[in-house]
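Peer 1: Numbering (the working numbering), first residue to last: 1 to 195.
Yeah, the Cβ is synthetic: ideal placement off N, Cα and C, and Gly gets one too.
Predicted model only: the values in this text are computed from it and were never measured.
Provided herewith is a single structure, encoded as C-alpha cells, for subsequent inquiry.
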C-alpha cells in the first residue's frame, strides 16, 4: 500500500496545484488566498525539479483559467521554476527560496507599477504587492511546516527538527500573520473610506 501511495501522491499534488490556483479561499476583507503553491513546494521538495516543472506549468495555466490579472500566470509559473532550480543548485531550504522569490516579485511589481506609469496608484500598487507577498510567504510557511512534520514522521531515531529550523518557521509565520492583519485592516479602511 505504501508503494502505491508514494507513486500516486505526486499526481494528487499536481492536481492540488491546479485547483489551488483556480479556486481561491476568501479569507476576510476581500483577501483571496491562492493555496496551490503549498502543494507545488512540497512536490519540489520530495519529487525534485522535473515534477516541479510540471507543477509550475500547471500553476501558470490554472492561474490563467482562474481569471487573474495577466501577470499572475507568469508569477506562479516562475515561482516553481525559481525554487526548483535554486533548490537543486544551492540546496537551500524551500521556505527561504520561496520567501526570496516572493520578496523580489512583490518589489518588481510595485516598482513597475509605480515607475512604469501603470493604471494603479502608488498606494494601490503597494497594497497589491503586499498581498502577493503575504500570500507567497504564507504558502511557504505552511509548506515548510508540512515538510518539517513529514520529516519528523519519517525519521525513527532523531524525530525532532533542529531548533534553527523551528525558529525560522515560527518567525516567518509571525511575520506573515502580522503583515496579513495589516493588509486586511488597510483594505477594510480603504473600502470604508470609499463607501
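With a 10 Å radius around its C-beta and 16 neighbouring C-beta atoms as the bar for buried, classify residue 73 as buried or exposed.
Peer 2: Label assigned to residue 73: buried.
Peer 1: My parser needs the alpha helix (DSSP H) runs of 4 or more residues fully inside the stretch 17-46; what are they?
Peer 2: Counting whole runs of 4 or more residues, the stretch 17-46 contains no alpha helix (DSSP H) stretch at all.
Peer 1: Which residue's Cα is closest to the Cα of residue 62: 22, 162, 146, 37?
Peer 2: It is 22.
Peer 1: Helix, strand or coil, according to DSSP, for residue 73 in the structure here?
Peer 2: Here residue 73 sits in helix by DSSP.
Peer 1: By the three-class DSSP mapping on this structure, what secondary structure does residue 68 have?
Peer 2: Note: residue 68 maps to coil in three-state DSSP.
Peer 1: Give the secondary structure of residue 112 by DSSP, where H, G and I count as helix, E and B as strand, and everything else as coil.
Peer 2: Three-state DSSP puts residue 112 in a helix.
Peer 1: Shortest alpha-carbon distance to residue 168 belongs to which of 7, 67, 99, 183?
Peer 2: If we check each option's Cα against that of residue 168, 99 comes out closest.
Peer 1: Report the three-state DSSP secondary structure of residue 91 (helix, strand or coil).
Peer 2: Residue state, collapsed to three classes: coil.
Peer 1: Quick check: the Cα distance between residue 53 and residue 94, rounded to an integer number of angstroms?
Peer 2: Taking the straight line from one Cα to the other gives about 15 Å.
Peer 1: From the DSSP output, in three-state form, read off residue 208 for me.
Peer 2: Absent from the model: residue 208. The displayed extent of the chain is 1 to 195, so no value can be given.
Peer 1: Given a cut-off of 8 Å, decide if residue 51 and residue 17 are closer than it, judged by their beta-carbon atoms.
Peer 2: In this structure, residue 51 does not lie closer than 8 Å to residue 17 by Cβ.
Peer 1: Assuming residue 88 and residue 49 form a contact by the criterion Cβ under 8 Å, report the distance between their Cβ atoms to the nearest whole angstrom.
Peer 2: With a Cβ gap of about 5 Å, residue 88 and residue 49 count as contacting.
Peer 1: Is residue 35 close to the ligand SAH? I mean its beta-carbon at under 7 Å from any heavy atom of the ligand.
Peer 2: Among the components modelled here there is no ligand, and therefore nothing to report on the ligand SAH.
Peer 1: Taking a contact to mean a Cβ-Cβ separation below 8 Å, would you say residue 102 touches residue 136 in this structure?
Peer 2: The answer is yes: Cβ separation under 8 Å.
Peer 1: Residue 39 to residue 112, Cα distance in whole Å?
Peer 2: In a straight line, the C-alpha of residue 39 is about 29 Å away from that of residue 112.
Peer 1: Report buried or exposed for residue 154, applying the criterion of at least 16 other Cβ atoms within 10 angstroms of its Cβ.
Peer 2: By the 10 Å Cβ count, residue 154 comes out exposed.
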